[in-house]
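J.:
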Amino acid sequence: MRSLRITLCAGAVVAAALAPAAYAADAGVWVTPASPAPGSDIQLRATGCAGQTGTAKSAAFVADAQLTGKDGALVGDSRVPTSLKPGTYDIKVSCDGYDDKVKGTVTVAAGGGPSPSAPASPVAPVHAGGGGTAHLALVDARETGPGTRQAVIGLVLASVAAVAVAVRSARRSRHGEARD
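Residue 256 in my numbering is what sits at position 50 of the sequence shown, and the numbering runs on without skipping anything.
Next up, the structure:
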């Protein structure tokens, strides 16, 4: 029985030691479409980062792509400059506090991509209403929701309820024994 326990512990140690290497082997950057034309919008998917945010940089992007966590990967969007020459360009993803932690490439195809039908940024205010709620978008998610104060109040209320149930049960059992 002891040898089985030692074997299982040794197997767990080996699996734990190899897990980061296996995880790193799956690291990479994927671009959709695979061979974008100049002026095309692209979607990025990067694996190999444990965090929920990252930044993808490449000479093939108009601007650095901000990546956010989704389905175990970091995803984001960018655009290929219309003046970019066809070729293969490096993509470097910074995440988990490390620069260039994940690397990949994008191959830009020849030919003009779709030209934008509208300006990239608004030229006038959008008439969508909801102006009074705009400040809510600026609220930090860490500042919302229950905090320590609410947790303590909840624990106190739960404790009071538990004591009330215990007292009531004790009274019922005492009164039930006296009737027999």
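Beta carbons: idealized from backbone N, C-alpha and C, even for Gly. Just so you know, these numbers come straight off a predicted model, no measurement behind them.
Roughly how many angstroms lie between the CA atoms of Val366 and Arg377, to the nearest whole one?
T.: For the purposes of this step, residue 366 is taken as the residue at position 160 of the sequence shown. For the purposes of this step, residue 377 is taken as the residue at position 171 of the sequence shown. So the two alpha carbons sit approximately 17 Å from each other.
J.: In or out: Ile361 buried (at least 16 other Cβ within 10 Å) or exposed?
T.: Looking up residue 361 in the sequence shown gives position 155. The amino acid occupying residue 361 in the given sequence is Leu; Ile does not appear at that position. Burial call: exposed.
J.: Can you give me the C-alpha to C-alpha distance between Tyr295 and Ile359, rounded to a whole angstrom?
T.: Here residue 295 corresponds to residue number 89 of the sequence shown, with the count starting at 1. Here residue 359 corresponds to residue number 153 of the sequence shown, with the count starting at 1. Spanning the two alpha carbons is a distance of roughly 56 Å.
J.: Nearest to Gly260 by CA position, among Phe267, Gln249, Gly275, Ile248, is which residue?
T.: On the sequence shown, position 54 is the one that residue 260 refers to. Nearest C-alpha to Gly260: Gly275.
J.: Measure how close the beta-carbons of Ala174 and Ser241 come, nearest whole angstrom, since I'm counting them as under 8 Å.
T.: Lying before the first or after the last residue shown, residue 174 is absent from the chain, which here runs from 207 to 386.
J.: In its own chain, which residues sit with a C-beta less than 6 Å from the C-beta of Ser379, not counting the 5 before and 5 after it?
T.: Residue numbering aside, residue 379 sits at position 173 when the sequence shown is read from its first letter. No residues qualify anywhere along the chain.
J.: Between which residues of its own chain and Asp302 is the CB-CB distance below 7 Å, once the five residues before and five after are set aside?
T.: The count along the sequence shown starts at 1 and reaches residue 302 at position 96. Closer than 7 Å at Cβ, skipping near neighbours: Cys255, Ala256, Gly257.
J.: To which residues of the same chain is Ala271 closer than 6 Å at the C-beta, ignoring the five residues directly before and after it?
T.: Residue 271 sits at position 65 when you count from the first residue of the sequence shown. Around Ala271: Leu250, Ala262, Gly282, Ser284.
J.: Considering only DSSP beta bridges, list what Ala262 is partnered with.
T.: The residue you call residue 262 lines up with position 56 of the sequence shown. Answer is Ala271, Val299, bridged to Ala262.
J.: Rounded to the nearest angstrom, what separates Val373 and Ala364 at their Cα positions?
T.: Translated into positions along the sequence shown, residue 373 becomes position 167. Translated into positions along the sequence shown, residue 364 becomes position 158. Computed Cα separation, rounded: 14 Å.
J.: Count the other CB atoms within 10 Å of the CB of Val369; is the residue buried (16 or more) or exposed (fewer)?
T.: In the sequence shown, the residue the question calls residue 369 occupies position 163. Classification of Val369: exposed, given that the 10 Å Cβ count is below 16.
J.: Can you tell me where the beta strand (DSSP E) holding Lys291 begins and where it ends?
T.: By 1-based counting over the sequence shown, the position of residue 291 is 85. Neither: Lys291 is in no beta strand (DSSP E) and is coded neither H nor E.
J.: At the level of alpha carbons, what is the spacing between Ile297 and Ala269?
T.: In the sequence shown, the residue the question calls residue 297 occupies position 91. In the sequence shown, the residue the question calls residue 269 occupies position 63. Straight-line Cα distance between these residues: approximately 12 Å.
J.: Pull the bridge partners of Ile359 from the DSSP assignment, please.
T.: As a position in the sequence shown, residue 359 is number 153, starting the count at 1. Beta-bridge pairing links Ile359 to no other residue.
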